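A.B. asks: Residue numbers (this note's numbering), protein chains in the order written: chain Z, 10 to 340; chain E, 10 to 340. In this text, a Cβ means the ideal position worked out from N, Cα and C, and glycines have one as well. None of these values were measured; they are calculated from a predicted model.
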């Protein structure tokens, strides 16, 4: 089936009202709907039923919002009070945007929150408000460190966003080479991953998603590099927020009490609008000017495919899996 | 041959006095010597002759130092005046450390500098001063973007450092999977890279360093992820410093006028010493607790091998290639 962005947001919001999100229902629903609008169903509607179940289980406290606990120079610390992850993250990114607009740079460090779903949401939020952003979160232990077989680090997503009139540039990368979502999807389609994505039970690198899902040995982005970067992000997130580390999150019954950081910079205060756009366009134009591997395949900047999907789905409606939709309506 | 850290520093400093670095000769020499002490010869003594030649060619202005040009909230902009890259970077990291100690977080954005050699130097500098740091630089175009065959982005190193009493944690990663240095070294040894490091002339991924050196198609860290991250780092570096982008650096006769960012955070102002050390140790201990792939091979945190090499070289002297050393003495 296909559904419009507005209809999808309204339907999800109606459910969230029932679940106790009150006046924050629309805002939270829109974050899920927008991820599906942008083509990220795995962190959009496909994850919505689990989100509602986590409210009912008491993992997510639907009536809570983040509160400021400390100010340390340009850094503010907020406590997410185990409220809804996307709502908490969105409130904290808004605060970081305000700080940046006032002081050029602002940073909000959020402890005790829940899964923010798609990290890119908050990069797009900043870019659409005219701000540059760097944000990251830790996760439960779900990825082995380099040289290890069992998961003692997280795939800790890193998001970097730059606003640009001709198309915002938003990188949203986790530190495993492929997500479990991508591996389940590829296995279901009976296909192989395009590159090795982990190890089989015998310890051989493999493109077979089923073998990796069984071994739980997903590959880090860039081998030892992604392993090291995931450790650093967990350390930065923990130390900045004074919240839980990946190791401590692993001791909980659910992936909760996450530590997230939202750093924002106002490019207008740095360079003014005209100069900002000129630099961005010049860098993107040069990046895309490389000789192409496939003459028919353009070189895309981070976020470019998202712009294209968003436009298509706004015009044609958002395609949603019927079974997923029935599951949501039956909640 | 083997040489002590002090003797190495003094020998290099003597040459730099001749080259016009004046009172900054010792400090600059120590940065080169320390890279070799830590086992990074490729950006230590092995690069020293080229550094001196770049002074003589006028690419590096030996008598220049960075000057502050602007203050924008917690960000200071400095102009490197094409001075010696390692000296400029070290002065700017010192300034970022001071800002962090005063305001919790400080950022120095340096334009118009020269190659900083080993990026890790400035992460270690921060950590040894008790500060957390994130720093990055852009470079000349030396890496293809994802989907491209010719280099229109840089391998733009990213450094993240966390001080820790039991051993500073310092990640120093560039965004190509392997450096050209590693590929030359591997080719010279007649060996293969441990993983694919780029493409051959026919466009196949290969572990053969010679084939990659010929095609110039080095592989990004994590394929499309390293490609996207390199673009974001170039954009951040250019916009924060108001300096040159990778694309503009590519138009120069030499790799010069680079844009570099030094962000520092004082962990004592965040959490106090005791709590900081407890969190760091807990995270590192958990990271290293994974079941090992090779029971005899420990899981190392970023920087751990550097500590080991530094200790060994302080005790036994720094091994230096005779030919490289003769070349330096003949400068």
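1. Helix, strand or coil for residue 155 of chain E per DSSP?
2. If you count every other CB in all the chains shown that lies within 10 Å of the CB of residue 76 of chain E, and 16 or more means buried, which is it?
3. Opposite residue 142 of chain Z in the DSSP bridges: which residues?
4. Go through its chain and collect everything with a Cβ distance to residue 35 of chain Z's Cβ below 6 Å, but skip five positions before and after it.
5. Looking at residue 397 of chain Z: is its Cβ nearer than 9 Å to the Cβ of residue 259 of chain Z?
6. CB residue 118 of chain E to CB residue 269 of chain E, shorter than 9 Å?
7. Leaving out five residues before and five after residue 205 of chain Z in sequence, what residues of the same chain have Cβ atoms less than 7 Å from its Cβ?
8. Threshold first: 4 residues or longer. Then list the alpha helix (DSSP H) segments lying entirely within the stretch 58–95 of chain Z, N to C.
9. At a CB-CB cut-off below 8 Å, which residues of chain E make contact with residue 171 of chain Z?
10. What would DSSP say about residue 12 of chain E, mapped onto helix, strand or coil?
11. Decide if the stretch 137–151 of chain E is in contact with the stretch 168–177 of chain E; the criterion is three or more beta carbon pairs, one per stretch, under 8 Å apart.
12. Starting from residue 132 of chain E and walking both ways along the alpha helix (DSSP H), at which residues does that stretch end?
13. Applying a beta-carbon distance threshold of less than 7 Å, which residues of chain C neighbour residue 262 of chain E?
14. With a Cβ-Cβ cutoff of 9 Å, do residue 311 of chain Z and residue 241 of chain E count as a contact?
15. Could you check what DSSP says for residue 311 of chain Z in three-state terms: helix, strand or coil?
16. Does the beta carbon of residue 55 of chain E come closer than 9 Å to any beta carbon on chain Z?
17. Would residue 315 of chain E pass as a contact of residue 125 of chain E if the rule is Cβ separation under 9 Å?
18. In the DSSP assignment, the beta strand (DSSP E) including residue 182 of chain E goes from what residue to what residue?
19. So, under 8 Å CB-CB, residue 45 of chain Z and residue 17 of chain Z are touching, yes? Tell me the CB distance rounded to an integer number of Å.
20. Mind checking who residue 115 of chain E pairs with in its DSSP beta bridge?
21. Can you find a CB in chain Z that lies within less than 9 Å of the CB of residue 276 of chain E?
22. Which value, in whole angstroms, describes the spacing of the CA atoms of residue 179 of chain Z and residue 55 of chain E?
23. Measuring only the C-alpha atoms, how far is residue 185 of chain E from residue 235 of chain E?
24. Exposed or buried, which one is residue 65 of chain E when buried takes at least 16 other CB atoms within 10 Å?
25. Counting only beta-carbon separations shorter than 9 Å, does residue 283 of chain E have a partner in chain Z?
26. Which of helix, strand or coil does DSSP assign to residue 213 of chain Z?
27. Note the first and the last residue of the continuous alpha helix (DSSP H) segment covering residue 295 of chain Z.
28. So is residue 157 of chain Z in contact with chain E if we call contact Cβ pairs under 9 Å?
29. Check the C-beta distance from residue 41 of chain E over to residue 29 of chain E and give it rounded, since I have them as a contact under 8 Å.
30. Under 8 Å: do the stretch 273–280 of chain E and the stretch 97–112 of chain E share three or more Cβ pairs, one atom per stretch?
31. Round the Cβ separation of residue 113 of chain E and residue 278 of chain E to the nearest angstrom and send it over; I've been treating them as touching at under 8 Å.
32. Report the neighbours of residue 302 of chain E on chain Z: residues whose CB is nearer than 7 Å to its CB, in chain order.
33. Go ahead and label residue 27 of chain E buried or exposed: buried means 16 or more other beta carbons lie within 10 angstroms of its beta carbon, across all protein chains shown.
34. Are the C-beta atoms of residue 291 of chain E and some chain Z residue less than 9 Å apart?
35. Using beta-carbon positions only, say whether residue 122 of chain E and residue 238 of chain E come within less than 9 Å of one another.
36. According to the Cβ coordinates, are residue 183 of chain E and residue 128 of chain E closer than 9 Å?
C.D. replies: According to the data block:
1. coil
2. Residue 76 of chain E is exposed by the Cβ-count criterion.
3. Z:170, Z:273
4. Short of 6 Å from the beta carbon of residue 35 of chain Z, and not among the five residues preceding or following it, lie these beta carbons of its own chain, in chain order: 22.
5. Given that chain Z is displayed from residue 10 to residue 340, the structure contains no residue 397 of chain Z and the question cannot be resolved.
6. yes
7. 214, 215, 216, 228
8. none
9. Neighbours of residue 171 of chain Z on chain E, chain order: 241, 244, 245, 248.
10. strand
11. Note that the stretch 137–151 of chain E touches the stretch 168–177 of chain E; at least 3 beta-carbon pairs, one per stretch, sit closer than 8 Å.
12. In this chain, the alpha helix (DSSP H) harbouring residue 132 of chain E covers 129–137.
13. Absent from the structure is chain C; the protein chains it does hold are Z and E.
14. Yes, the pair counts as a contact, with Cβ atoms nearer than the cut-off.
15. coil
16. no
17. No, the pair does not count as a contact, with Cβ atoms beyond the cut-off.
18. 178–182
19. The C-beta distance from residue 45 of chain Z to residue 17 of chain Z rounds to 7 Å, short enough to fall under 8 Å.
20. E:273
21. yes
22. 38 Å
23. 7 Å
24. exposed
25. no
26. If DSSP states are grouped into helix, strand and coil, residue 213 of chain Z belongs with coil.
27. First-last of the alpha helix (DSSP H) with residue 295 of chain Z: 282–296.
28. Residue 157 of chain Z counts as touching chain E.
29. The pair is not a contact, with the Cβ atoms about 16 Å apart (cut-off 8 Å).
30. yes
31. 4 Å
32. 156, 157, 158, 212
33. exposed
34. yes
35. Against a cut-off of 9 Å, the Cβ pair of residue 238 of chain E and residue 122 of chain E comes out as no contact.
36. yes
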